[in-house]
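End of the sequence shown = 302 in full-length UniProt numbering, gap-free, step of one.
Beta carbons: idealized from backbone N, C-alpha and C, even for Gly.
As the structure is a computational prediction, the values presented were derived from the model and not from experiment.
Remarks on the structure that follows.
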Amino acid sequence: MIPVLFGVSILTFSLTKMLPGSPVDYILQFQETTPGLREQLEAQYNLNEPVYVQYWLWLRDAMVLDFGDSLISDRSVSGAILRRLPKTLLLGGGGFLIAVTIGIPLGVLAAVNNGNTIDEASRVGALLGIATPNFWLGLMLLLVFSVQLGWFRVIPPDMPTLSLPMLKFVILPAITLGTASSALIMRLTRSSMVEELNKDYVRTAKAKGLSERTVIVKHVLRNSMVSVVTVAAIQVAFIVNGSVVIEQVFSWPGVGRMLIQAITQRDLPVLQAIVLMIAVTIVFVNLIADLLYSWLDPRIRY
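Following this line, the structure appears as structure tokens:
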């Protein structure tokens, strides 16, 4: 993980430096220009240093979660992210929960009914789920359930993250976020289950008198989960990245929306901090997936 995180930090810093325009130019648009102001701002944010010095100073502070102050609001970047992070975690967690709770059961159902109408319907549903753009799906859900039926608010309420109105509002964004991932998880669960159902140990278990339910739940499903965990970890990356778009569609006050604002305003400290946070999250999720492999399949330990 350490070399990966080090490489991620280099890419994060380098890509933000490649953005056109200078953040100082953006700041000066809203201030009265005085002699020496540009030099003062560049020195304040270490922009007058060589690139490698800027990287080292940034990495040194990032290792203790100090990302400096925002170029626009002049407030702590870490504090601003922490205030918005719970809402993004709620949205991402809801999307992942929907993806898993829908994808795995439907995948098992399709595998058990391999080749019949239920299996064919699952294939069509998975194709539609993968092919539907999440921003379009979000707009359609808002149009139907918020504008026409009035079941949900159009704009999120200004309330604590775990309050009932916020939990109700997050349903539509979570469905939008988890739809494509649930389709992919369903297809992989189905293919892994079909492969396991054709193995000798399944026939042996049935010959010993074990019920089909016991064979599927205790043996086949667990052995199929190694592949499913892999794709589920990958889907976390899609959910994290997709939350940026979904937060914009639903006006969700999370880190993703903050990222869009940082890009448009050339707020490099905020931009670097959020991109690095997303990358670190994905790396850690993949680590957890690796650790789960040995629990699901003890043969991997040896």
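Local Cβ density within 10 Å of residue i, reported as buried at 16 or more and exposed below that
i, result
"Leu127", "exposed"
"Pro158", "Pro is not the amino acid found at residue 158; the sequence shown has Asp there. Exposed."
"Arg75", "exposed"
"Glu247", "buried"
"Arg203", "exposed"
"Pro156", "buried"
"Met277", "buried"
"Leu11", "exposed"
"Trp295", "exposed"
"Ile185", "buried"
"Met43", "For the sequence presented, residue 43 should be read as Ala rather than Met. Its Cβ having fewer than 16 others within 10 Å, Ala43 is exposed."
"Gln272", "buried"
"Asn223", "buried"
"Arg266", "buried"
"Ile216", "buried"
"Gly256", "buried"
"Lys218", "exposed"
"Pro133", "exposed"
"Arg187", "buried"
"Gly129", "buried"
"Pro20", "exposed"
"Glu212", "exposed"
"Ala183", "buried"
"Arg60", "exposed"
"Gly79", "exposed"
"Met225", "buried"
"Ser163", "exposed"
"Phe13", "buried"
"Leu268", "buried"
"Lys87", "buried"
"Thr16", "buried"
"Glu39", "exposed"
Segment limits, alpha helix (DSSP H) that includes residue i
i, result
"Trp56", "Val51 to Ala62"
"Arg153", "Taken as a continuous stretch (DSSP letters only), Arg153 belongs to no alpha helix (DSSP H), as it is neither H nor E."
"Lys168", "Leu164 to Phe169"
"Asp66", "Unbroken run through Asp66: none, as it is neither H nor E."
"Lys87", "Val77 to Val112"
"Asp290", "Leu268 to Leu296"
"Tyr201", "Asp200 to Ala207"
"Val4", "Ile2 to Lys17"
"Asp119", "Thr117 to Ala131"
"Val245", "Leu221 to Val249"
"Leu71", "First-last for Leu71: undefined, no H or E at that position."
"Thr264", "Val255 to Gln265"
"Asp135", "With the sequence shown as reference, residue 135 is identified as Phe, and Asp is not the correct amino acid for it. Asn134 to Leu141 is the span of the alpha helix (DSSP H), which, as asked, contains Phe135."
"Leu41", "Leu37 to Gln44"
Inset, instruction - Pair every Cβ in the segment 139-146 with every Cβ in the segment 54-64, then say whether three or more of these pairs are closer than 8 Å. - result: no
Inset, instruction - State whether the segment 90-108 contacts the segment 169-177, with contact taken as three or more CB pairs (one from each stretch) at a distance under 8 Å. - result: yes
Inset, instruction - Assess, as a yes-or-no matter, whether the segment 205-222 is touched by the segment 146-156 under the definition of 3 or more beta carbon pairs within less than 8 Å. - result: no
Inset, instruction - For the segment 161-169 and the segment 98-113, state whether three or more C-beta atom pairs, one from each stretch, are separated by less than 8 Å. - result: no
Inset, instruction - Determine contact between the segment 274-290 and the segment 227-246, defined as no fewer than three beta-carbon pairs at a distance below 8 Å. - result: yes
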